[in-house]
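*Asks:* Please find one structure pasted underneath; my questions will follow.
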Amino acid sequence: MTVPRAHRRPVSPRAERELDRCHTADLQEEPDAAAARAAGPAGTRALRLRRAWRCLCDAPDDTVDAEAAPPPGAQLIEPEINLRSEAMHSMSGDTIAATTEAVSRLPSRWGTSRNWSGAVIAARDGKVFRRVSASWTVPVAQQPADHIAARYLPGGSYRCSVWIGLDGYRFFSRSLPQVGTVSQVNAAGQAEYYLWVQWWVRGKWFGEVEIANFDVQAGDEIHAVVQVLKPDDVLFTVRRSRPGVPDALTEIAWQAGVYEGEDGVERPLPTLWDTRERGFAPVEGRHAVFCVERPAVMPPNAEDLHERGIEPDPRTLEHFLLPRLGDTVFRGAKAEMRAPSGRRDTAELRDLTAARRIRMIERLPGPGAGRIATMTSPQGMDAHEFGAPFDRRRLVVKQR
Numbered sequence: 000m001t002v003p004r005a006h007r008r009p010v011s012p013r014a015e016r017e018l019d020r021c022h023t024a025d026l027q028e029e030p031d032a033a034a035a036r037a038a039g040p041a042g043t044r045a046l047r048l049r050r051a052w053r054c055l056c057d058a059p060d061d062t063v064d065a066e067a068a069p070p071p072g073a074q075l076i077e078p079e080i081n082l083r084s085e086a087m088h089s090m091s092g093d094t095i096a097a098t099t100e101a102v103s104r105l106p107s108r109w110g111t112s113r114n115w116s117g118a119v120i121a122a123r124d125g126k127v128f129r130r131v132s133a134s135w136t137v138p139v140a141q142q143p144a145d146h147i148a149a150r151y152l153p154g155g156s157y158r159c160s161v162w163i164g165l166d167g168y169r170f171f172s173r174s175l176p177q178v179g180t181v182s183q184v185n186a187a188g189q190a191e192y193y194l195w196v197q198w199w200v201r202g203k204w205f206g207e208v209e210i211a212n213f214d215v216q217a218g219d220e221i222h223a224v225v226q227v228l229k230p231d232d233v234l235f236t237v238r239r240s241r242p243g244v245p246d247a248l249t250e251i252a253w254q255a256g257v258y259e260g261e262d263g264v265e266r267p268l269p270t271l272w273d274t275r276e277r278g279f280a281p282v283e284g285r286h287a288v289f290c291v292e293r294p295a296v297m298p299p300n301a302e303d304l305h306e307r308g309i310e311p312d313p314r315t316l317e318h319f320l321l322p323r324l325g326d327t328v329f330r331g332a333k334a335e336m337r338a339p340s341g342r343r344d345t346a347e348l349r350d351l352t353a354a355r356r357i358r359m360i361e362r363l364p365g366p367g368a369g370r371i372a373t374m375t376s377p378q379g380m381d382a383h384e385f386g387a388p389f390d391r392r393r394l395v396v397k398q399r
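By the count of numbering that gives the first Met the number 0, the sequence shown reaches residue 399 at its end, each step adding exactly one.
Below, the structure written as structure tokens:
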């Protein structure tokens, strides 16, 4: 691997300037910004903390005041990245071909997948999505009651990822910037949790990027935003809340195709991150996705396959098995559309009202191999499913 296993900033100077420009134009620069920068590193850090907080709060109809200060004691974490090569997050487990007839009898708002469950919102009226956000609680990963030995366990662990992202839903969509958390447990019962980002490109072996110094534990409240600065520049902003501990925020500005090395020199991203020379796909903003997934297992020779131009085949990819999770709940799920020009006065907020729901299914082995079992299923998007008032921004993914 020619990329450093960890370096401090996956942000090039050009991406940082673009980030500053977009915040200035879109969120209106704070009056004391110049004075804060003049105060030195501490002032600049405080300014960036306020900027990250405003990004988390900013939306056309949010009741949270975007001008409010971050919570007392909140910390801005400078991301340290770790390229992991064991998993790839995507919607690669598309509807099983053998179930097409059965799916056609379902309402058009339903679909099925071999590897993910959740909801998809489609853009409309000639607009495109520029932002998607949601909150969730990091699920506890436990071994299933019928857990198997490590040597038979795909990828060596039971793994689930909870994430939000833009695009990647249809076969014609080649790009999917996404941010989420992983909950996994190995055959020995040892659990691991972490925050990750990924800019998936269809047909490429691009793995997840762990934010190594952003501590995540089961039960943490995560609020995440994916915001398009330009089609090749995306900002990921994440807030972690934990009882008795100050909130932690981080932001990762991902400029496709370039990174800043330890020597401060910009150069193309090599191997798994090389999106400029090996098929970078810009963000189109056609779909917003809220997903609970069992990721694909990256083969040990993924880097070699990437160098040789051999594309992943969704039909043959092996997927992790799900741990025992219980219910996963997305709260405040929404996506903002704008005209392609990006003008703020064209902004329109979408909730889950007309979302397409996806069930995760598996084919049962043995006699009657045509049988299908549901592994996870989204609920909470219809008024009759709960006694409480219908919340159009709440999505419950139930594990069966």
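Where is the CB? At the ideal position from N, CA and C, for every residue including glycine.
Since this is a predicted model, take the numbers as computed values, not measurements.
Between the segment 172 to 188 and the segment 332 to 347, can you find at least three pairs of beta-carbon atoms closer than 8 Å?
*Replies:* Judged by Cβ distances under 8 Å, the segment 332 to 347 makes no contact with the segment 172 to 188, as fewer than three pairs qualify.
*Asks:* So, with DSSP's three-state summary, where would you put Y157?
*Replies:* DSSP places Y157 in strand when its eight states are reduced to three.
*Asks:* Evaluate V244 with the Cβ neighbour count: other Cβ atoms within 10 Å of its Cβ, from every protein chain shown; 16 or more gives buried, anything less gives exposed.
*Replies:* Looking at its Cβ environment, which holds fewer than 16 other Cβ atoms inside 10 Å, V244 is exposed.
*Asks:* Determine the closest residue to Q226 out of K203, V196, G202, with distance taken between C-alpha atoms.
*Replies:* Of K203, V196, G202, the residue nearest in Cα terms is V196.
*Asks:* Residues in the same chain with beta-carbon distance under 8 Å from G125, minus the five sequence neighbours each way, listed in chain order, please.
*Replies:* Once the five neighbours on either side are set aside, the close Cβ partners of G125 are A338, P339.
*Asks:* Pick helix, strand or coil for R130, following the three-state DSSP scheme.
*Replies:* Here R130 sits in strand by DSSP.
*Asks:* Quick one, are the C-beta atoms of F213 and I80 less than 8 Å apart?
*Replies:* No; because the gap between Cβ atoms is not below 8 Å, this pair is not in contact.
*Asks:* Looking at the strands, I want to know which residues DSSP matches up with I210.
*Replies:* For I210, which the question treats as bridged, DSSP gives the partners I80.
*Asks:* Using 8 Å as the cut-off, can you tell me whether the segment 159 to 173 makes contact with the segment 297 to 305, which would need three or more C-beta pairs spanning the two stretches below that distance?
*Replies:* Because the criterion of three Cβ pairs below 8 Å is not met, the segment 159 to 173 and the segment 297 to 305 do not touch.
*Asks:* Alpha carbon to alpha carbon, how far is A280 from P230? Give it in angstroms, no decimals.
*Replies:* Cα to Cα, the separation comes out at about 9 Å.
*Asks:* Would I120 be called buried (16 or more neighbouring beta carbons within 10 Å of its own) or exposed?
*Replies:* Answer is buried; the Cβ neighbour count reaches 16.
*Asks:* Considering only the alpha carbon of each residue, which of G325, A223, P311 lies closest to S182?
*Replies:* Answer by Cα proximity: G325.
*Asks:* In the DSSP output, which residue or residues are listed as bridge partners for Y192?
*Replies:* S182, per the DSSP bridge assignment.
*Asks:* Just to confirm before moving on: does the CB-CB distance between E191 and T136 stay below 8 Å?
*Replies:* Not in contact: E191 and T136 (Cβ atoms no closer than 8 Å).
*Asks:* If we require 3 or more residues per run, which beta strand (DSSP E) segments fall completely within the segment 286 to 343?
*Replies:* Listed in chain order, the complete beta strand (DSSP E) runs (minimum 3 residues) inside the segment 286 to 343 are 286 to 292, 327 to 337.
*Asks:* Kindly indicate the opening and closing residues of the beta strand (DSSP E) around I251.
*Replies:* Residues 244 to 254.
*Asks:* Could you check if P242 is buried or exposed, using at least 16 other CB atoms within 10 Å of its CB as the buried criterion?
*Replies:* The residue in question, P242, is exposed, as its Cβ has fewer than 16 Cβ neighbours within 10 Å.
*Asks:* Who are the Cβ neighbours of Q142 in its own chain at under 7 Å, not counting the five residues just before and after it?
*Replies:* These residues qualify, in order along the chain: Y157, V184, G188, P322, R323.
*Asks:* Grouping DSSP H, G and I as helix and E and B as strand, with all else coil, what is A96?
*Replies:* With a pLDDT of 33 at A96, under the threshold of 50, the modelled position of that residue is not reliable, and the figure given next carries that caveat. It is helical.
*Asks:* Buried or exposed for P71, please, with buried defined as at least 16 other CB atoms from any protein chain shown within 10 angstroms of its CB.
*Replies:* Exposed, because fewer than 16 other Cβ atoms sit within 10 Å of the Cβ of P71.
*Asks:* Return the first residue and the last residue of the beta strand (DSSP E) that T236 is part of.
*Replies:* That run of the beta strand (DSSP E) goes 232 to 241.
*Asks:* Can you grab the Cα-Cα spacing for the pair F319 / P294, in whole Å?
*Replies:* Approximately 6 Å, taken between the alpha carbons.
*Asks:* Roughly how many angstroms lie between the CA atoms of A346 and A334, to the nearest whole one?
*Replies:* Taking the straight line joining both Cα atoms gives about 10 Å.
*Asks:* Using CA coordinates, which residue listed in L48, W52, L82 is at the minimum distance from W198?
*Replies:* Of the candidates L48, W52, L82, the one whose C-alpha sits nearest the C-alpha of W198 is L82.
*Asks:* Spell out the partners DSSP gives I221 in its beta bridges.
*Replies:* Note: I221 sits in a beta bridge opposite W135, R239.
*Asks:* Name the two residues that bound the continuous beta strand (DSSP E) containing R201.
*Replies:* That residue, R201, is in no beta strand (DSSP E); it is neither H nor E in DSSP.
*Asks:* Look at the Cβ atom of A51, then the Cβ atom of R330, and state whether they are nearer than 8 Å.
*Replies:* No, the Cβ-Cβ distance between A51 and R330 is not below 8 Å.
*Asks:* Here's a check: name, in chain order, each residue in its chain whose Cβ is nearer than 7 Å to the Cβ of A24, leaving out the five neighbours to either side.
*Replies:* Reliability of the predicted coordinates at A24 is poor, the pLDDT of 43 falling under 50, and the value obtained from them is presented with this limitation in mind. Taken in chain order, the list of residues that qualify is empty.
*Asks:* Which residues in the same chain have their Cβ closer than 8 Å to the Cβ of R150, if we skip the five residues on either side of it in sequence?
*Replies:* Counting only Cβ-Cβ distances below 8 Å, and skipping sequence neighbours, we find nothing.
*Asks:* State buried or exposed for D232, treating a residue as buried only when at least 16 other CB atoms are found within 10 Å of its CB.
*Replies:* Flag for D232 reads buried.
*Asks:* Which word fits F205, buried or exposed, when buried means at least 16 other C-beta atoms lie within 10 angstroms of its C-beta?
*Replies:* It is buried - the Cβ of F205 has at least 16 other Cβ atoms within 10 Å.
*Asks:* With DSSP as the reference, label T111 as helix, strand or coil.
*Replies:* The answer is strand: DSSP assigns T111 an E or B state.
*Asks:* To the nearest angstrom, report how far apart T99 and G110 are at their CA atoms.
*Replies:* Since pLDDT at T99 reaches only 33, below the 50 mark, its modelled position is unreliable, and the value read off the structure follows with that caveat. T99 and G110: Cα-Cα distance of roughly 10 Å.
*Asks:* Look at the alpha carbon of A354 and the alpha carbon of P78, and state the distance between them as a whole number of angstroms.
*Replies:* Taking the straight line from one Cα to the other gives about 33 Å.
*Asks:* L48 by DSSP, collapsed to three states: which one?
*Replies:* Looking at L48 - three-state DSSP - the assignment turns out to be helix.
*Asks:* Figure out for me which residue from V396, G202, E250 has the closest Cα to the Cα of L304.
*Replies:* Here the closest residue by C-alpha is G202.
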